[in-house]
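**Q**
There are 2 protein chains.
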Amino acid sequence: MADVARLAGVAISTVSRALANPGRVNEKTRAKINAAARQLGYTPNAMARGLRVGKSNIIMIILPGSLYYGASQVIPQVLQSINKSLIQGGYNLMIANLDRDEISERHILDLAFGGSVRGAIILSSKLPEVDGRSLANSGLPIVSMLLDMSDAGLQSVVTNDREAVRDVTAELIRLGHRRFFYLAGPEGNYHDVERYGGVLEALEAAGLSEDSVHRSGGHLDYQHGFDIGVQAADDFAELTEKPTAVIATSDDMAISFVSRIQRTGLSIPGDVSVVSFDGSPVCEFCSPPLSTIKQPVEEMGRAAVDLLLDAIDQRQNTAAVRTVIRSSLILRESIAAPKN
Amino acid sequence: MADVARLAGVAISTVSRALANPGRVNEKTRAKINAAARQLGYTPNAMARGLRVGKSNIIMIILPGSLYYGASQVIPQVLQSINKSLIQGGYNLMIANLDRDEISERHILDLAFGGSVRGAIILSSKLPEVDGRSLANSGLPIVSMLLDMSDAGLQSVVTNDREAVRDVTAELIRLGHRRFFYLAGPEGNYHDVERYGGVLEALEAAGLSEDSVHRSGGHLDYQHGFDIGVQAADDFAELTEKPTAVIATSDDMAISFVSRIQRTGLSIPGDVSVVSFDGSPVCEFCSPPLSTIKQPVEEMGRAAVDLLLDAIDQRQNTAAVRTVIRSSLILRESIAAPKN
DNA sequence: CAGCTTATAGCAAACGTTTGCCAAAAACCG
DNA sequence: CGGTTTTTGGCAAACGTTTGCTATAAGCTG
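And the structure:
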């Protein structure tokens, strides 16, 4: 910067202002300074600036470590959409993994308390906390996404899991289905609770008992989507009185489940109707094409970023703590009325 | 830090050394300092440290912007594996997108020249360069992954695309196939060149002419994997003399292609054999299960990180500039001998 | 215990910016 | 043209670390 100042024949402070604080310096000197900077190939040092102003321009996204985002269909899309929105706001995206070990917790806390990041978007239900330091009172703006953590006081961007599942279940009931097979993700997980809750609500509304749904899975996380479906197919084969409709909590498990039970001679939707959650593109090309509840991940990502930047800029977050973006059912051939 | 020093009854410099430079300070005072730090909930400021030592602990991964990594099957896995390796080395991963516009190029250059990042892993064939600043001579250690950029002097970690495709083509020829359908990704792209080259090599080795392969696609990038397959199926339907074997350059396009031509009454592998590239898990659950060439993305990610950290630590990179990690063919039911 | 070596602690100067405050220059006004 | 306001530029002090150098304390040796 000193070099630029010398070349342009001005003081260092003027250069700083010309580059960062437009308006504060004469248009003419500013042009001169820009020219000098370009000529010297000068780029301001981000860390020096960050140190001085006490702010970083990095946002971290905290991903649950167990969630293998190569396999899960939604995480990559979330990353993409968040990153895109952040860049437009002049921020950069850093990835942080929150595993079950203390190491990763400490790592994230160091990032937060060490001034490295300016805000966080969290996709995990656990807030890192160790040795008295806790993400919650790091002073860092945080917004939760996918999971509702408004109880913990976090702005949360979620979809209407419960309602969407309730509606699709109701639709299946309307078609005549009475026996259901529910394919669970990690048990007790927010999504599992909400989605299963949606099933139960629909049953109750139709005057059906809770016994009309058989629960399978629940002891693996979404990382093992395909495995869950495979195991569930075995589970399904054991049942004497077969359910006629399957509700899966992710596309992956639906796909492997369908593949396996077709192999046992069952046809879809002839013998069994199937619907799943996520809305991944591949569903369209399965045989039969799978009905799926499409999560609006792009919109959710955008919304999360908007909320976060608002919080950073201290704009009053008059908005609700919980932002819901509705899922939409994509109806395909995997659903039909039961045989008789 | 001053507070910690005061509480521990030592000088600031001693605190610094105790925290960063172990060994240089007495074990006893160090314990005292650690205790004080914990009690005060002190975390060293990363930017101040970075400024002082002139180094950041952030690595950026440069992704081609057009590549929609929610859709492409391999990018998420790459991210996962790279991040995991980096964390073990004490580094953080930042995502940077390289689009076709100058904005994103400038953005990346600012990151590189502004001291924000310590090294880069690049998955794009274009090195940002604008206004005389160029990533190539930023002094930043860079390694290329997936694409061979050893010509540009970059350490490159790739798989043996050409060889793998050549081998599988040869195998198809051995089974009796003589007419091929090649499903291209972005034309001129490194992967396209290599993989198509592999096909041609196998044909030549078997004494078959280049006319025995029909090329389809090539005008969309991998982002539109499914679309490519759909269009290719239309293309396929036009052909009077149908090929008996299809070689697709990504799983996505294979999946949509298969779905569509099955709909026209063709059976796989009865009428057409199909093999694709990537090795995504979903292939196992297609009907029929798809043969695919599995890219060793995890190993490639690890290797790329190893090379990068070596370069950062100035360890002599006596190793070859080009690191090849072999793909492996996963043979499933989508391949058989042609009908007659 | 004096004289030496070695381990440990402290001082203060960087690192490259931004910014509050003041001075100088320019513009405006009567 | 003198006086007043506004614009623009410069000085120097931060921001929170690390680290070369020096001073002190501790440990050893004869």
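Chains U and G supply the protein sequences, listed in that same order.
Numbering of the first sequence is given in the working numbering, commencing with residue 30 and proceeding in unit increments.
Numbering of the second sequence is given in the working numbering, commencing with residue 30 and proceeding in unit increments.
We treat Cβ as the ideally placed atom computed from N, Cα and C, and that holds for glycine.
Keep in mind it's a predicted model, so treat the numbers as computed, not measured.
Strictly by DSSP, which residues pair up with Ser320/U?
**A** Reading the first sequence from its first residue, position 291 is the one you call residue 320/U. According to DSSP, Ser320/U bridges with Val304/U.
**Q** What in chain U is Cβ-close to Gln324/G, meaning under 9 Å?
**A** If you number the second sequence from 1, residue 324/G lands on position 295. Neighbours of Gln324/G on chain U: none; closest Cβ ~12 Å, over 9 Å.
**Q** How would you list, in chain order, the residues of chain G whose beta-carbon sits under 9 Å from the beta-carbon of Gln291/U?
**A** Looking up residue 291/U in the first sequence gives position 262. Simply Ser316.
**Q** Quick one: using the 10 Å Cβ neighbour count with 16 as the cut-off for buried, is Gln102/U buried or exposed?
**A** Taking the first residue of the first sequence as 1, we reach residue 102/U at position 73. Buried, because 16 or more other Cβ atoms sit within 10 Å of the Cβ of Gln102/U.
**Q** Is Pro318/G closer than 8 Å to Arg361/G when the C-beta atoms are compared?
**A** As a first step, residue 361/G must be located in the second sequence, where it is residue number 332. As a first step, residue 318/G must be located in the second sequence, where it is residue number 289. Going by C-beta atoms, Arg361/G is nearer than 8 Å to Pro318/G.
**Q** Between the Cα of Ala333/G and the Cα atoms of Ala60/G, Asn55/G, Arg59/G and Gly118/G, which residue gives the shortest distance?
**A** By 1-based counting over the second sequence, the position of residue 333/G is 304. For Ala333/G, the nearest C-alpha among the options comes from Gly118/G.
**Q** Can you name the residues of chain G whose CB is closer than 7 Å to the CB of Arg67/U?
**A** The residue labelled residue 67/U in the question sits at position 38 within the first sequence. Near Arg67/U (Cβ distances below 7 Å), the residues of chain G are Asp160.
**Q** Check whether the Cβ atoms of Ala77/G and Leu140/U sit closer than 8 Å, and answer yes or no.
**A** As a working note, residue 77/G is residue 48 in the second sequence. As a working note, residue 140/U is residue 111 in the first sequence. No.
**Q** By DSSP's criteria, Asn126/U is part of a beta bridge. Which residues make up the other side?
**A** Taking the first residue of the first sequence as position 1, residue 126/U is located at position 97. Paired residues: Leu92/U.
**Q** So, is Leu268/U buried or exposed, given that buried needs 16 or more other C-beta atoms within 10 angstroms?
**A** Counting from 1 along the first sequence, the entry for residue 268/U is found at position 239. It is exposed - the Cβ of Leu268/U has fewer than 16 other Cβ atoms within 10 Å.
**Q** With Ile297/U as the anchor, note down where its alpha helix (DSSP H) starts and where it stops.
**A** Walking along the first sequence from the start, residue 297/U turns up at place 268. Where Ile297/U is concerned, there is no enclosing alpha helix (DSSP H), given that its DSSP letter is neither H nor E.
**Q** Would you call the CB atoms of Ile87/G and Ile150/G closer than 8 Å?
**A** Taking the second sequence and counting its residues from 1, one reaches residue 87/G at position 58. Taking the second sequence and counting its residues from 1, one reaches residue 150/G at position 121. Against a cut-off of 8 Å, the Cβ pair of Ile150/G and Ile87/G comes out as no contact.
**Q** Would you mind sorting Asp342/G into buried or exposed? The rule is 16 or more other CB atoms within 10 Å of its CB.
**A** Here residue 342/G refers to the residue found at position 313 of the second sequence. Result: exposed.
**Q** With a CB to CB cut of under 6 Å and the five nearest residues on each side skipped, what residues in its chain are close to Gly99/U?
**A** Locating residue 99/U in the first sequence gives position 70, counting from the first residue. Low confidence applies to Gly99/U: its pLDDT is 43, below 50, so where it sits in the model is not reliable, and the reading given next is rough at best. Taken in chain order, the list of residues that qualify is empty.
**Q** So which of Asn218/G, Ser305/G and Asn112/G has the shortest CA-CA distance to Val194/G?
**A** The residue labelled residue 194/G in the question sits at position 165 within the second sequence. Ranking the options by Cα distance to Val194/G, first place goes to Ser305/G.
**Q** Using the rule of at least 16 other Cβ atoms within 10 Å of the residue's Cβ for burial, across every protein chain shown, is Lys323/U buried or exposed?
**A** Translated into the one-based positions of the first sequence, residue 323/U becomes position 294. Looking at its Cβ environment, which holds 16 or more other Cβ atoms inside 10 Å, Lys323/U is buried.
**Q** Does DSSP put Glu192/U in a helix, a strand or coil?
**A** For the purposes of this step, residue 192/U is identified with residue 163 of the first sequence, where counting begins at 1. Residue state, collapsed to three classes: helix.
**Q** If you scan the stretch 199-272 of chain G from start to end, which runs of the alpha helix (DSSP H) of 4 or more residues do you find wholly inside it?
**A** Whole alpha helix (DSSP H) segments, 4+ residues: 219-234 and 254-267.
**Q** Short of 8 Å Cβ to Cβ, which residues in the stretch 221-239 of chain G face chain U?
**A** So nothing in the stretch comes that close.
**Q** Taking the beta strand (DSSP E) that Arg53/U belongs to, which residues open and close that run?
**A** If you number the first sequence from 1, residue 53/U lands on position 24. Element bounds for Arg53/U: n/a, residue is neither H nor E.
**Q** Alpha carbons only, please: which of Asp307/U, Thr352/U, Asp339/U and Ser316/U is nearest the one belonging to Ile359/U?
**A** Indexing the first sequence from 1 puts residue 359/U at position 330. It is Asp307/U whose Cα lies nearest to the Cα of Ile359/U.
**Q** Please check if any C-beta of chain G sits within less than 8 Å of the C-beta of Ala75/U.
**A** Within the first sequence, the letter at position 46 stands for residue 75/U. Yes - at least one Cβ of chain G is within 8 Å of the one on Ala75/U.
**Q** For Gly148/U, report the span of its beta strand (DSSP E) as first-last.
**A** Along the first sequence, read from residue 1 onward, the residue named residue 148/U stands at position 119. Gly148 to Ile151 is the span of the beta strand (DSSP E), which, as asked, contains Gly148/U.
**Q** Check Ala100/U in the structure and name its three-state DSSP category.
**A** One-based indexing of the first sequence puts residue 100/U at position 71. Residue placement at Ala100/U is flagged as unreliable, the pLDDT there being 47, under the threshold of 50; the coordinate-derived value follows with that caveat. In the structure shown, Ala100/U sits in coil (DSSP, three-state: anything other than H, G, I, E or B).
**Q** Should Val44/G be flagged as near chain U, meaning a C-beta pair shorter than 8 Å?
**A** Within the second sequence, residue 44/G is the residue found at index 15, counting from 1. Not one chain U Cβ lies under 8 Å of Val44/G.
**Q** Can you have a look at His220/U and say buried or exposed, based on whether 16 or more other CB atoms are within 10 angstroms of its CB?
**A** As a first step, residue 220/U is located in the first sequence; it is residue number 191 there, counting from the start. It counts as buried.
**Q** In the DSSP assignment, the beta strand (DSSP E) including Arg78/G goes from what residue to what residue?
**A** For the purposes of this step, residue 78/G is identified with residue 49 of the second sequence, where counting begins at 1. Run containing Arg78/G: none in the beta strand (DSSP E); it sits in the alpha helix (DSSP H), Ala75 to Val82.
**Q** Run down chain G in chain order and give the residues with a C-beta less than 8 Å from the C-beta of Leu122/U.
**A** In the first sequence, residue 122/U corresponds to position 93, counting from 1. In chain order: Met123 and Ile124.
**Q** Helix, strand or coil, according to DSSP, for Ala365/U in the structure here?
**A** Along the first sequence, one-based indexing puts residue 365/U at 336. Three-state DSSP puts Ala365/U in coil, outside helix and strand.
**Q** Kindly confirm or deny that the stretch 124-133 of chain G and the stretch 182-201 of chain G touch, where touching means at least three C-beta pairs closer than 8 Å.
**A** Counting Cβ pairs under 8 Å, fewer than three are found: no touch.
**Q** Taking the C-alpha atoms as reference points, what is the distance between Gly161/U and Leu48/G?
**A** Sequence index remark: in the first sequence, residue 161/U carries index 132 (1-based). Sequence index remark: in the second sequence, residue 48/G carries index 19 (1-based). Their Cα atoms are separated by approximately 19 Å.
**Q** Three or more C-beta pairs closer than 8 Å, one from the stretch 237-246 of chain G and one from the stretch 199-218 of chain G: is that the case here?
**A** Output reads yes: the stretch 199-218 of chain G touches the stretch 237-246 of chain G.
**Q** Using a Cβ-Cβ cut-off of 8 Å (strictly less than) and excluding sequence neighbours within five positions of Val146/U, which residues of its own chain qualify?
**A** Within the first sequence, the letter at position 117 stands for residue 146/U. Same-chain partners within the cutoff: Ser85, Ile87, Ile88, Met89, Met123, Leu140 and Leu169.
**Q** Going by Cα to Cα distance, which pick from Ser363/G, Phe142/G, Leu336/G and Asp300/G is closest to Ala165/G?
**A** Within the second sequence, numbered from 1, the residue matching residue 165/G stands at position 136. For Ala165/G, the nearest C-alpha among the options comes from Phe142/G.
**Q** Once you ignore the five residues that flank Met30/G on each side, which residues in its own chain have a CB closer than 8 Å to its CB?
**A** Taking the second sequence and counting its residues from 1, the one referred to as residue 30/G is at position 1. Hits under 8 Å: Ile41, Val44, Ser45, Tyr71 and Pro73.
**Q** Using the beta-carbon count (16 or more within 10 Å), is His248/U buried or exposed?
**A** For the purposes of this step, residue 248/U is identified with residue 219 of the first sequence, where counting begins at 1. It is exposed - the Cβ of His248/U has fewer than 16 other Cβ atoms within 10 Å.
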